[in-house]
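*Asks:* In our numbering, the protein residues as written are 188 to 431.
Beta carbons: idealized from backbone N, C-alpha and C, even for Gly.
Attaching a single structure in structure tokens format; questions to follow.
The structure is reproduced here in structure tokens:
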């Protein structure tokens, strides 16, 4: 591949919010292996991220964006073998010993349109639990604030967001169930402009864990290795996203 070609990469803004340098190193590694120029600009927010997807060769996307991009004709290449998108069930501190069964017929604070909410509703449905409804909030932080202030009894939060709370923050809510469903995951997709480079990109990604520099880059990302998601895994994720 001539060095004049460029590898344009877009990464889910939630994942670049902390330690974005690790993603720059990832892009540099891939571009070097592909013998092309790296181009990576951090998305300011999801609106900015979505606005630039058309020009992307490679996209690291959350479960919801993965399914939308697949519907637009992008191709999923790989997912992290060890990272899944999970949900944490929370209550305020006034609720003494909450369980999932406690959520029968009650209102739950969450971000209604996002994947962790849909995963939570799937988990509850499988147990025959039907909440009264979802009180929609604009962000996971807003859900936590609602619980802190005692304005909500129960809430849902993306596990990555919960893990990022300070110990003081975690102490102001009660986490009573952390999912381990392993059915939702971020993916790397190849864009329309890079269809002819799909095999080369996939080869680089699948081989990262086999060379020393690749291992170092993966370690910074918290990824053990990339693997191809199966059609069944993608179908299960789509079913959950579309059913709730």
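Here's a check: name, in chain order, each residue in its chain whose Cβ is nearer than 6 Å to the Cβ of residue 230, leaving out the five neighbours to either side.
*Replies:* Within the chain shown, residue 230 is the residue found at index 43, counting from 1. Result list for residue 230: 200, 236, in chain order.
*Asks:* Please say whether residue 319 and residue 298 have beta carbons closer to each other than 8 Å?
*Replies:* Numbered from its first residue, the chain shown carries residue 298 at position 111. Numbered from its first residue, the chain shown carries residue 319 at position 132. In this structure, residue 319 does not lie closer than 8 Å to residue 298 by Cβ.
*Asks:* Going by Cα to Cα distance, which pick from 217, 203, 207, 193 is closest to residue 400?
*Replies:* Position 213 of the chain shown, counting from 1, holds the residue named residue 400. Answer by Cα proximity: 217.
*Asks:* Cβ atoms of residue 278 and residue 341: under 8 Å apart, would you say?
*Replies:* For the purposes of this step, residue 341 is taken as the residue at position 154 of the chain shown. For the purposes of this step, residue 278 is taken as the residue at position 91 of the chain shown. Cβ distance < 8 Å, so residue 341 and residue 278 count as in contact.
*Asks:* DSSP on residue 387, reduced to helix/strand/coil?
*Replies:* Within the chain shown, residue 387 is the residue found at index 200, counting from 1. Note: residue 387 maps to helix in three-state DSSP.
*Asks:* Within the same chain, show all residues whose beta-carbon is closer than 6 Å to that of residue 410, passing over the 5 residues directly before and after it, in chain order.
*Replies:* Here residue 410 refers to the residue found at position 223 of the chain shown. Cβ within range, chain order: 267.
*Asks:* Put residue 226 into one of helix, strand or coil per three-state DSSP.
*Replies:* Here residue 226 refers to the residue found at position 39 when the chain shown is read from its first residue. Residue 226: strand per DSSP, three-state reduction.
*Asks:* Let me know the beta strand (DSSP E) ranges lying completely inside the stretch 313-383, each 3 residues or longer, listed in chain order.
*Replies:* Whole beta strand (DSSP E) segments, 3+ residues: 320-323, 341-345, 361-365, 374-377.
*Asks:* Near residue 389, which residues of its chain fall below 6 Å by C-beta distance, leaving aside the five closest residues on each side in sequence?
*Replies:* Position 202 of the chain shown holds residue 389. Closer than 6 Å at the Cβ level, and outside the excluded window around residue 389, lie 264.
*Asks:* Can you tell me the Cα-Cα spacing of residue 329 and residue 338, whole angstroms?
*Replies:* Along the chain shown, one-based indexing puts residue 329 at 142. Along the chain shown, one-based indexing puts residue 338 at 151. The alpha-carbon atoms of residue 329 and residue 338 are separated by roughly 11 Å.
*Asks:* Going by DSSP, what residue range makes up the alpha helix (DSSP H) through residue 285?
*Replies:* Counting from one through the chain shown, the residue named residue 285 turns up at place 98. Element bounds for residue 285: n/a, residue is neither H nor E.
*Asks:* Is DSSP giving residue 247 helix, strand or coil here?
*Replies:* For the purposes of this step, residue 247 is taken as residue 60 along the chain shown, with counting starting at 1. Three-state DSSP puts residue 247 in a strand.
*Asks:* Applying the 10 Å Cβ sphere with the 16-neighbour rule, what's the burial state of residue 384?
*Replies:* The residue given as residue 384 occupies position 197 in the chain shown. By the 10 Å Cβ count, residue 384 comes out buried.
*Asks:* What first and last residue would you give for the beta strand (DSSP E) that runs through residue 264?
*Replies:* Counted from its first residue, the chain shown places residue 264 at position 77. Unbroken beta strand (DSSP E) run through residue 264: 262-267.
*Asks:* Flag this pair as yes or no: are the beta carbons of residue 306 and residue 368 separated by less than 8 Å?
*Replies:* For the purposes of this step, residue 306 is identified with residue 119 of the chain shown, where counting begins at 1. For the purposes of this step, residue 368 is identified with residue 181 of the chain shown, where counting begins at 1. Yes, the pair counts as a contact, with Cβ atoms nearer than the cut-off.
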